[in-house]
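In what follows, a single structure is set out as structure tokens and then discussed.
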Amino acid sequence: MQVSVKRLALYPLGVTRSGQIRGALLSPVPRLLSPSTRTLFSETGVWEKDYLKETRRRVEEWWHPRIMAQWQKDAQAEGSNRKKFYVLSMFPYPSGQLHMGHVRVYTISDTIGHFQRMRGHQVLNPMGWDAFGLPAENAAIERGLDPEEWTKHNIQSMREQLDNLGLCFNWDREVTTCLPDYYKWTQFLFIKLFEAGLAYRKEAVVNWDPVDQTVLADEQVDENGRSWRSGALVEQKLLTQWFIKTTNYAKPLLDALADLPEWYGVKAMQANWIGQCTGCYFDFKLKVNGEETGETLSAYSSSPETVFGEAYLAILPSHRLLHGTSSVRSALEKAFQPGRDSLTEVTARNLFTGREVPLVISHKEAFDGYLDTVIGIPDCSEEDLSVATALNLRWTTVLKSNKDDTQTLINSDEFSGLTREQAFESITQKAREQKVGGHLTSSKLRDWLISRQRYWGTPIPVVHCGSCGPVAVPEEELPVTLPKLPSLTGKGASPLEAAHDWVNCTCPRCKGPARRETDTMDTFVDSAWYYLRYTDSHNPDRPFERHLADHWLPVDVYIGGKEHAVMHLYYARFLCHFCKDQGLVAHREPFWKLLVQGLIKGQTFKLADSGQYLKREAIDFTDKEPALRGGGRVEVTWEKMSKSKHNGLDPQEVVQQYGVDTVRLYILYAAPPEQDILWNVKTDALPGVLRWQSRLWQLVTKLRGARQPVDVPCPSLLKNKELAETKKIWENKNHAIQEVTSHLTEDFLFNAAISRLMGLTNTLSSATDRVVQHSVEFEEALAALVMMTAPMAPHLASELWAGLCQVKNPISPLLQHGGDVLQQFWPNVDPEYLNVPDFVELSVLVGSNRRTHDLMILFLSMCYIYIYVLMKHKKRTGC
Numbered sequence: 001m002q003v004s005v006k007r008l009a010l011y012p013l014g015v016t017r018s019g020q021i022r023g024a025l026l027s028p029v030p031r032l033l034s035p036s037t038r039t040l041f042s043e044t045g046v047w048e049k050d051y052l053k054e055t056r057r058r059v060e061e062w063w064h065p066r067i068m069a070q071w072q073k074d075a076q077a078e079g080s081n082r083k084k085f086y087v088l089s090m091f092p093y094p095s096g097q098l099h100m101g102h103v104r105v106y107t108i109s110d111t112i113g114h115f116q117r118m119r120g121h122q123v124l125n126p127m128g129w130d131a132f133g134l135p136a137e138n139a140a141i142e143r144g145l146d147p148e149e150w151t152k153h154n155i156q157s158m159r160e161q162l163d164n165l166g167l168c169f170n171w172d173r174e175v176t177t178c179l180p181d182y183y184k185w186t187q188f189l190f191i192k193l194f195e196a197g198l199a200y201r202k203e204a205v206v207n208w209d210p211v212d213q214t215v216l217a218d219e220q221v222d223e224n225g226r227s228w229r230s231g232a233l234v235e236q237k238l239l240t241q242w243f244i245k246t247t248n249y250a251k252p253l254l255d256a257l258a259d260l261p262e263w264y265g266v267k268a269m270q271a272n273w274i275g276q277c278t279g280c281y282f283d284f285k286l287k288v289n290g291e292e293t294g295e296t297l298s299a300y301s302s303s304p305e306t307v308f309g310e311a312y313l314a315i316l317p318s319h320r321l322l323h324g325t326s327s328v329r330s331a332l333e334k335a336f337q338p339g340r341d342s343l344t345e346v347t348a349r350n351l352f353t354g355r356e357v358p359l360v361i362s363h364k365e366a367f368d369g370y371l372d373t374v375i376g377i378p379d380c381s382e383e384d385l386s387v388a389t390a391l392n393l394r395w396t397t398v399l400k401s402n403k404d405d406t407q408t409l410i411n412s413d414e415f416s417g418l419t420r421e422q423a424f425e426s427i428t429q430k431a432r433e434q435k436v437g438g439h440l441t442s443s444k445l446r447d448w449l450i451s452r453q454r455y456w457g458t459p460i461p462v463v464h465c466g467s468c469g470p471v472a473v474p475e476e477e478l479p480v481t482l483p484k485l486p487s488l489t490g491k492g493a494s495p496l497e498a499a500h501d502w503v504n505c506t507c508p509r510c511k512g513p514a515r516r517e518t519d520t521m522d523t524f525v526d527s528a529w530y531y532l533r534y535t536d537s538h539n540p541d542r543p544f545e546r547h548l549a550d551h552w553l554p555v556d557v558y559i560g561g562k563e564h565a566v567m568h569l570y571y572a573r574f575l576c577h578f579c580k581d582q583g584l585v586a587h588r589e590p591f592w593k594l595l596v597q598g599l600i601k602g603q604t605f606k607l608a609d610s611g612q613y614l615k616r617e618a619i620d621f622t623d624k625e626p627a628l629r630g631g632g633r634v635e636v637t638w639e640k641m642s643k644s645k646h647n648g649l650d651p652q653e654v655v656q657q658y659g660v661d662t663v664r665l666y667i668l669y670a671a672p673p674e675q676d677i678l679w680n681v682k683t684d685a686l687p688g689v690l691r692w693q694s695r696l697w698q699l700v701t702k703l704r705g706a707r708q709p710v711d712v713p714c715p716s717l718l719k720n721k722e723l724a725e726t727k728k729i730w731e732n733k734n735h736a737i738q739e740v741t742s743h744l745t746e747d748f749l750f751n752a753a754i755s756r757l758m759g760l761t762n763t764l765s766s767a768t769d770r771v772v773q774h775s776v777e778f779e780e781a782l783a784a785l786v787m788m789t790a791p792m793a794p795h796l797a798s799e800l801w802a803g804l805c806q807v808k809n810p811i812s813p814l815l816q817h818g819g820d821v822l823q824q825f826w827p828n829v830d831p832e833y834l835n836v837p838d839f840v841e842l843s844v845l846v847g848s849n850r851r852t853h854d855l856m857i858l859f860l861s862m863c864y865i866y867i868y869v870l871m872k873h874k875k876r877t878g879c
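Using full-length UniProt numbering, the first residue of the sequence shown is number 1, and each one after it goes up by one.
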């Protein structure tokens, strides 16, 4: 019997049903092509047959300035009628020396930038400097230098190194966080937070780094209680500090993660950091002997819908109220009995419910998460009930159980009669409206502590007045610039305390005497908004114009190390959410796709007994296992490159030895971006990309040799066997375009993209002489191969393209357009290749019964599923 089977069309990955490559412009904007100076061989009039080391050096020297100049020229000429693409790599701290990790992240952003521009996009690929912070200050102290001069010198050095690597950034957008034209607007945003009640000052027990002499946020202390930077054991101190109320945005930040694509596990890390936002804080005013002290205390409840049933407020014995200088301290100390719950004479009035409850010092050393103040509600906690009963406290029952196992609120003012779920929404919303709490957050999340007792940071734009309290500096008086100090010691109080003429000032409100805030901001505040400043980096009147920020945001691809997956990304997301609520931007989330890259590790050698790191020269490699010269057992590991471990590489030396394009290709080919690279020049990756460059050169040499002036191509001369060969070339070209485009837009598996290009190279290398001479398929496939190589190896591809464009008697119009390779449009898959029918007639000889027919349908369905899974696996792994 004949069976007509409807087949689910197997559309190639990365291609829509209509035949368009996903993400490609449907009708690209015509590109203005200008003739450019010809290539290396035009200087001599001779095409060198082999790609030797000297050839590579001359190619890169010739094309380096031309590629960078063309990038800047295109950036200035690009109009807003093109679709934008914002590729951003995390800006570096200006240490003065690039390391291979920098080379990796900026090679990735540069590759994506070139690729997207070839696709017709208006590309923004900016660069700047995260220039404030402890390293510069410590280096200045050690050398007796001004940290500003030290930083500027390092920036100049690193910028030259970036230029030497041929990285095409939009340098006209450059930002430097330690310059007043940048930190003026950091101060502006702080004032907006202050005016919104989100930046506040309070006394708190904080983490103190005794080496760097500054406060650390909780996120900057590791699991062993050591400073993230100095490694010192952190101490606890009671200090008055500035905080930003990030907890108010916990729930929106958590919920917004669902709308973002997967971030290599980072979304889960962000969600885990925020925690389940099932509770909230309420604000209380404290009283001693019936008199309000003026202090506000925020307390957490995991069941805010039952807040009218509060019986007490509980604090930990480590709470700041027991260690500060307030009027509450003596009352608390008098009542405190270690090891048991202690009822005090201090009371707290809930600003939402209006009810007054006693303050209890808990016998516990810790509550859930980071909490130090909680609301005791007996109706929803056996533990709270036990405490209230033991202390003989009164409370109001607020829950009534129904026959259907639901609960309804009673004795809760206008919220009585609501279900718990309804009351949860209504109570928290009203508390937010009244600005007395209600913002959903988790018990594990703390507000962001931004005070730093150091000099080299953004000054906090606040003055302290005896009459008015903390007062924000007026916007027209910004920036509050750092004063010049004669010397820095790094010891004791904030260095700014010594700048008496700077510290003593006038209150902007009452015009009386005041003192400037001498703490500076944590550098994470500077980097929480730099992606916004890039969109309008020279604006003297505001941090950025909204229409420019709205045009470029969100960042299409954000590239950086996974070590920033929690702190920096959380703070940057918070600030963008805040700017959206302030009407400064239209987008709540700043980053669309996140691309995290792994480390580049070097081989380390250390003494097995002491762990002392050894230089490579001290190792004897003659035997199978490395050993210490003169004797001694050596432990060999792979670790993050570091001077102290003697396993680092100077990028400039590596580039000098192998060339810019070779280093770029090695970095992209050695591993997928999120995986670590074990740098070993003896592995297959480096020799492999060296060989591939030579083979690409040979292909152009082969075509040029086959197209001498007398060798006019004639496709009609090709025989059936040769036509079959051209069809294979055509299919391989289209498959390569399809796969490489997908890798550069969706999964960023650059290693798989290069592998696919190597496959196409193999196909073209095996082409017979007559096919090379007479087929348009070979010519167009080679042109596509060179164009697809260009974003990853721009110098070599530029020279290859120039060689192709001077081929005698070209058949394809691709080689007649003019312009350099990076000015060409990215190749598209031929429509005929995508012309897959929706139905196919299959003649199948099977038995006549229904069961056999059903088994055949099942078999064909399983075949389809198997093919689909294989294609998805190949797309994901490149294998």
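We put the CB at the ideal spot given by N, CA and C, even for glycine.
Please read these numbers as outputs of a predicted model, since none were measured by experiment.
Inset, instruction - Along the beta strand (DSSP E) that carries Gly602, what are the first and last residues, could you check? - result: Per DSSP, the continuous beta strand (DSSP E) segment holding Gly602 begins and ends at 600-607.
Legend entry - alpha helix (DSSP H) segment containing Cys280, residue limits: That residue, Cys280, is in no alpha helix (DSSP H); its beta strand (DSSP E) goes 279-288.
Legend entry - Met158 (DSSP reduced to helix, strand or coil): DSSP places Met158 in the helix class (H, G or I) of the three-state scheme.
Legend entry - Straight-line gap, Thr373 to Leu399 (C-alpha atoms, nearest Å): 23 Å
Inset, instruction - Compute the distance between the beta-carbons of Ser230 and Asp259, then report whether it is under 7 Å. - result: no
Legend entry - Inter-residue Cα distance where the pair is Thr520 and His439: 28 Å
Inset, instruction - Please classify Tyr625: is it buried, with 16 or more other beta-carbons within 10 angstroms of its beta-carbon, or exposed? - result: It is Glu, not Tyr, that sits at residue 625 in the sequence shown. Exposed, since its Cβ has fewer than 16 Cβ neighbours within 10 Å.
Legend entry - Separation of Leu286 from Thr406, as counted between CA atoms: 35 Å
Inset, instruction - Round the Cβ separation of Val357 and Tyr312 to the nearest angstrom and send it over; I've been treating them as touching at under 8 Å. - result: 5 Å
Legend entry - First through last residue of the alpha helix (DSSP H) which encompasses Ala256: 250-256
Inset, instruction - Using beta-carbon positions only, say whether Ile155 and Trp171 come within less than 7 Å of one another. - result: no
Legend entry - Residue closest to Arg294, alpha-carbon to alpha-carbon, out of Glu310, Ala348, Gly611: The question names Arg, but residue 294 is Gly in the sequence shown. Taking only the C-alpha atoms, the option nearest Gly294 is Ala348.
Inset, instruction - Mind the definition here: the segment 669-676 touches the segment 585-605 only if three or more C-beta pairs lie below 8 Å; say whether that holds. - result: At 8 Å Cβ cutoff, the stretches touch.
Inset, instruction - Compute the Euclidean distance between the alpha carbons of Thr344 and Val360, then round it to the nearest angstrom. - result: Thr344 and Val360: Cα-Cα distance of roughly 6 Å.
Legend entry - Separation of Glu149 from Leu33, as counted between CA atoms: Any answer about Leu33 is weak, because its pLDDT of 34 lies below 50 and its placement is not dependable; what the coordinates show is given next. So the alpha carbons of these two residues sit roughly 43 Å apart.
Inset, instruction - Can you grab the Cα-Cα spacing for the pair Arg704 / Gly803, in whole Å? - result: 8 Å
Inset, instruction - Grab the span of the alpha helix (DSSP H) containing Asn720 for me, first residue to last. - result: 720-742
Legend entry - Reduced DSSP secondary structure (H/G/I, E/B, other) of Phe194: helix
Inset, instruction - Determine the closest residue to Tyr106 out of Glu142, Pro479, Lys727, Leu165, with distance taken between C-alpha atoms. - result: For Tyr106, the closest alpha carbon among the candidates Glu142, Pro479, Lys727, Leu165 is that of Leu165.
Legend entry - Length at least 3, wholly inside the segment 105-160: the beta strand (DSSP E) runs in chain order: 122-124
Inset, instruction - Assuming Ile737 contacts Glu777 (C-beta within less than 8 Å), just tell me the rounded distance between them. - result: Actually they are not in contact, since the Cβ atoms of Ile737 and Glu777 sit about 13 Å apart, beyond 8 Å.
Inset, instruction - Please name the residue, chosen from His363, Gly369, Val59, Leu409, that lies closest to Ala390 on a Cα-to-Cα basis. - result: His363
Inset, instruction - Taking the CB atoms as reference points, tell me whether Trp826 and Arg119 lie closer together than 7 Å. - result: Contact: yes.
Inset, instruction - Please determine if the segment 740-754 and the segment 794-813 are in contact, where contact requires at least 3 C-beta pairs separated by less than 8 Å. - result: no
Legend entry - Beta-carbon spacing of Arg516, Val585 below 7 Å: No, the Cβ-Cβ distance between Arg516 and Val585 is not below 7 Å.
Inset, instruction - With DSSP as the reference, label Met90 as helix, strand or coil. - result: coil
Inset, instruction - With a floor of 4 residues, list each alpha helix (DSSP H) that falls wholly inside the UniProt domain "Leucyl-tRNA synthetase editing" (272-431), ordered by position along the chain. - result: 328-335, 382-390
Legend entry - Whole beta strand (DSSP E) elements within the segment 589-650, 3-residue minimum: Listed in chain order, they are 591-597, 600-607, 634-640.
Inset, instruction - Kindly list the residues whose CB is nearer than 7 Å to the CB of Arg573, restricted to its own chain and excluding five residues on each side of it in sequence; keep chain order. - result: Leu253, Glu589, Pro590
Legend entry - N-terminal and C-terminal residue of the beta strand (DSSP E) that Glu235 is part of: 235-244
Inset, instruction - Compare the Cα-Cα distances from Trp456 to each of Tyr200, Leu482, Pro470, Glu382 and report the closest residue. - result: Selected option, being the one with the closest Cα: Leu482.
Legend entry - Touch test, the segment 542-559 against the segment 193-207, Cβ-Cβ under 8 Å, three pairs minimum: no
Inset, instruction - Just the C-alpha distance for Glu365 and Glu292, rounded to the nearest angstrom, thanks. - result: 28 Å
Inset, instruction - Classify Ala77 as buried or exposed, calling it buried when 16 or more other Cβ atoms lie within 10 Å of its own Cβ. - result: exposed
Legend entry - Ala472 - containing alpha helix (DSSP H), residue span: Element bounds for Ala472: not the alpha helix (DSSP H) but the beta strand (DSSP E), 469-472.
Inset, instruction - Count the other CB atoms, across all protein chains shown, that sit within 10 Å of the CB of Phe336; report buried if there are 16 or more and exposed otherwise. - result: exposed
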